[in-house]
Amino acid sequence: MRSLGRPAVKLAFMMVQDKNVAEEIVQEAFARLWASSRTPAAESDFRRYLYRTVANLAHDHHRKLGRLSALPIPSRSPADPLDEIERRSGGETLKTALLALPLRERQALYLRFFEDQSFAETARMMGAPQVTVRVLVHRGLATLRRILASDLSADRVAT
Amino acid sequence: MTRAQLDLEKQLREYAVQYEREFETTAQMEQGIIARIATTPREARQAPTLRRDLALAAVLLLFVGLLAVGIARIRLQQPLPAHPSPTAPYPGGASRSSSPFFVSPEVGWIQWSTNDSPSGALFKTTDAGTHWQRQLTLDVGPMGGCALDVSATEGLYICIRGSYRTSDGGAHWQRLDLPSGENIAFAFLNSREAWTASSSLFHTTDAGQHWTEVVKLDQVKGLSHGDSLGWGQFMFRDALSGWLVPRGYLGPGPSPPRSSPYLYRTRDGGKTWTQQTLSPTVGGAFTDISLPQFFNDRNGVLIVSAPEGMYAYSTSDGGDHWSRPRPLTVSVPPCTRIPRKCLPVGAGAVVFGDSRHWFLAAGQSLARSSDGGQHWEVLANVLSADVEFAGLGFIDANNGWASVVGTTQSVNGQYRTVDGGAHWTLVAFPNGG
Chain L
811 MRSLGRPAVK LAFMMVQDKN VAEEIVQEAF ARLWASSRTP AAESDFRRYL
861 YRTVANLAHD HHRKLGRLSA LPIPSRSPAD PLDEIERRSG GETLKTALLA
911 LPLRERQALY LRFFEDQSFA ETARMMGAPQ VTVRVLVHRG LATLRRILAS
961 DLSADRVAT
Chain V
66 MTRAQLDLEK QLREYAVQYE REFETTAQME QGIIARIATT PREARQAPTL
116 RRDLALAAVL LLFVGLLAVG IARIRLQQPL PAHPSPTAPY PGGASRSSSP
166 FFVSPEVGWI QWSTNDSPSG ALFKTTDAGT HWQRQLTLDV GPMGGCALDV
216 SATEGLYICI RGSYRTSDGG AHWQRLDLPS GENIAFAFLN SREAWTASSS
266 LFHTTDAGQH WTEVVKLDQV KGLSHGDSLG WGQFMFRDAL SGWLVPRGYL
316 GPGPSPPRSS PYLYRTRDGG KTWTQQTLSP TVGGAFTDIS LPQFFNDRNG
366 VLIVSAPEGM YAYSTSDGGD HWSRPRPLTV SVPPCTRIPR KCLPVGAGAV
416 VFGDSRHWFL AAGQSLARSS DGGQHWEVLA NVLSADVEFA GLGFIDANNG
466 WASVVGTTQS VNGQYRTVDG GAHWTLVAFP NGG
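Protein sequence lines, in the order shown, are assigned to chains L and V.
Numbering-wise, our numbering comes out as the position in the first sequence, counting from 1, plus 810.
Numbering-wise, our numbering comes out as the position in the second sequence, counting from 1, plus 65.
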């Protein structure tokens, strides 16, 4: 039972990178599944429906943003030393690289490597053919390798 | 599998462990879900079974009750980014949001989930939302984000996971086969001509009956900095001229400013792109850039956000050249009543009724200009006390729509103004039927 609530928010957060939005999405997903007569009661099927609903709501969110978040003015708070340590340890670099991926690739990688789902189960959760999921994972890994190799921070600055 | 592949997969799994540790328990999240479920009616079923209802209720409550979620320790991002607005109809195209899409003060469409169509349905109004007629029930599961453009006859409704077309102004809709996979991004020129990006950029000139592959995304020439048609936002001013802006920063933490603002231009319908570098802002950096907004085939504007504020760049030659940046001296009061849903001011938040009437919303306040952004008037507390702006759109200087977020419950409708934002009234959305 525990395996559904946490991953739902973790998945949502991985896709929208905003605590408040992730919470809204998970709440909305649960509400929709509750409201629908087609929601299955079996845990494995429910999980797939939940994940798909969360992912689609995340897509909706990004779609509303036009895939271009309005960026808030950065705060002037001092740098967090823990942030720097994490960045130097490489965790921040991989995290940043993941966020550079398109949503579908990010979702596929999350399900494969964060939840250790098989390709078949990942495909069922994403509502896509297995071959599509394999392409998404392959493409996502290739993009990650390229980003990590080329230093993402330098890549962001216009030349 | 190569060693490099194994190393990367190992890194991902290690990061997954770290990611797991960043989530903590919070009772508030659980309560929120319980509250939502408690007030959400279940749709009727043909053969209800008590056992199944109880099983589902038990499953849901157990999930919620044992919910151990929370992101308290994650470096908190800034508040919710602003939703971009449905753009006003004008020569030249951009994605038209279906929440709602109005072609005149009275005639418009929305996509909305109802009790009997949780996947969503498309509704039309011809009397500014007093009455809604269902035109299409989405029957293929959640469609993802959508955009729509409809004329008196033809129209196209593109969603991430499916598309529909109409040849009778929306009375009937025909399901379309997607050109390839899912539509990741799309842009309309009018109700017949549109582009959609999936693994390739596809183009239609007959409201989706036929699609032509313009270019495969991994073969697009001229893009750099990791920008892509499949990820950025793009629009077309005509069949050949279009623009792509780099994606916004999605976190975590503050966006690292980039130097001189830039965007990409195509002159061949999307096959090749060239970078247009704009004059630098006062601070020499930018964090966000909007798509160009054209008022006719020559004059247009785009907005750039920088750490120190926002700037307008204008063009009078159809986007071949852009002016030096003009600071926008607009400031709306920060929202305080619903802090976690505040809308920060950014490039995509500026909405254009026409070339002179610009709008910007945050919290419960609306800023408006009638001279092309040179001077602004701030109208405070234009909404009711328990809601705040979540999205904004104007179709002309006076008629606009706003989506809102509520403090205690969701709002089943949107707000409408007919006097340029001075007053707003709630228009309820359909609830089935």
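Positions of the beta carbon are idealized from the N, C-alpha and C atoms, including for glycine.
For residue i, the nearest candidate out of the options (CA to CA)
| i | options | result |
| --- | --- | --- |
| V:Thr218 | V:Ala236, V:Thr202, V:Leu203 | V:Ala236 |
| V:Leu77 | L:Glu915, L:Thr953, L:Leu843, L:Lys905 | L:Lys905 |
| V:Ala414 | V:Tyr480, V:Gly374, V:Ser381 | V:Gly374 |
| V:Ala377 | V:Ser324, V:Gly365, V:Pro390 | V:Pro390 |
| L:Met824 | L:Glu853, L:His872, L:Arg949 | L:His872 |
| V:Gly234 | V:His275, V:Ala467, V:Lys189 | V:Lys189 |
| V:Phe267 | V:Ala371, V:His290, V:Phe299, V:Gly287 | V:Phe299 |
| V:His386 | V:Phe351, V:Thr339, V:Pro392, V:Gly348 | V:Thr339 |
| V:Ala252 | V:Arg240, V:Ala412, V:Cys224, V:Trp238 | V:Cys224 |
| V:Ile368 | V:Gly437, V:Gly335, V:Lys336, V:Asp333 | V:Gly437 |
| V:His440 | V:Gly465, V:Val416, V:Pro392, V:Asp242 | V:Pro392 |
CB contact check: residue i to chain L, cutoff 7 Å
| i | result |
| --- | --- |
| V:Arg330 | no |
| V:Gln76 | yes |
| V:Ala81 | yes |
| V:Leu254 | no |
| V:Gly471 | no |
| V:Phe166 | no |
| V:Phe494 | no |
| V:Gly295 | yes |
| V:Phe299 | no |
| V:Phe360 | no |
| V:Phe88 | yes |
| V:Gly497 | The predicted model places V:Gly497 with a pLDDT of 48, which falls under 50 and marks its position as unreliable; any figure quoted below should be read in that light. Output row for V:Gly497: interface = no. |
CB of residue i within 7 Å of CB of residue j, strictly
| i | j | result |
| --- | --- | --- |
| V:Glu453 | V:Gly418 | no |
| V:Ala262 | V:Ala250 | yes |
| V:Gly220 | V:Ser169 | no |
| L:Ala818 | L:Val836 | yes |
| V:Ser430 | V:Ala450 | no |
| V:Asn361 | V:Ser381 | no |
| V:Leu187 | V:Gln200 | yes |
| V:Arg517 | V:Val492 | Because chain V here runs from 66 to 498, residue 517 of chain V falls outside it and cannot be looked at. |
| V:Phe351 | V:Pro326 | yes |
| V:Leu282 | V:Gly295 | yes |
| L:Met773 | L:Arg816 | Here chain L comprises residues numbered 811 to 969, so residue 773 of chain L is not present and cannot be evaluated. |
| V:Trp423 | V:Pro357 | no |
| V:Ser370 | V:Ala412 | yes |
| V:Ala455 | V:Gly485 | no |
| L:Glu838 | L:Leu867 | yes |
| V:Ala432 | V:Val395 | yes |
| L:Arg944 | L:Phe929 | yes |
| V:Thr195 | V:Val172 | no |
| L:Leu954 | L:Glu915 | no |
| L:Thr932 | L:Leu921 | yes |
Local Cβ density within 10 Å of residue i, reported as buried at 16 or more and exposed below that
| i | result |
| --- | --- |
| V:Thr269 | buried |
| V:Tyr80 | buried |
| L:Lys829 | buried |
| L:Gln827 | buried |
| V:Thr331 | buried |
| V:Val347 | exposed |
| V:Asn477 | exposed |
| L:His869 | buried |
| V:Gln83 | exposed |
Interface flag, residue i vs chain V, CB-CB below 7 Å
| i | result |
| --- | --- |
| L:Leu934 | Per the sequence shown, residue 934 of chain L should be read as Arg rather than Leu. L:Arg934 does not count as touching chain V. |
| L:Leu756 | No statement about residue 756 of chain L is possible, as the shown extent of chain L runs from 811 to 969 and does not include it. |
| L:Pro817 | no |
| L:Pro912 | yes |
| L:Leu904 | yes |
| L:Arg944 | no |
| L:Phe924 | yes |
Opening and closing residue of the alpha helix (DSSP H) in which residue i lies
| i | result |
| --- | --- |
| L:Leu913 | 913–919 |
| L:Val831 | 829–845 |
| V:Phe88 | Premise fails: V:Phe88 is in no alpha helix (DSSP H) and is neither H nor E. |
| L:Glu931 | 929–936 |
| L:Arg955 | 940–960 |
Where the beta strand (DSSP E) through residue i begins and ends
| i | result |
| --- | --- |
| V:Thr331 | 327–331 |
| V:Glu278 | 277–281 |
| V:Thr41 | Any question about residue 41 of chain V goes unanswered here, given that chain V covers just 66 to 498. |
| V:Ala487 | Segment: none, V:Ala487 is in no beta strand (DSSP E) and carries neither H nor E. |
| V:Arg199 | 198–202 |
| V:Gly465 | 465–471 |
| V:Ser306 | Counting along the chain, V:Ser306 falls outside any beta strand (DSSP E), and DSSP gives it neither H nor E. |
Neighbouring residues, chain C, relative to residue i (Cβ below 7 Å)
| i | result |
| --- | --- |
| V:Leu73 | The question asks about chain C, but that chain is absent: this structure's protein chains are L and V. |
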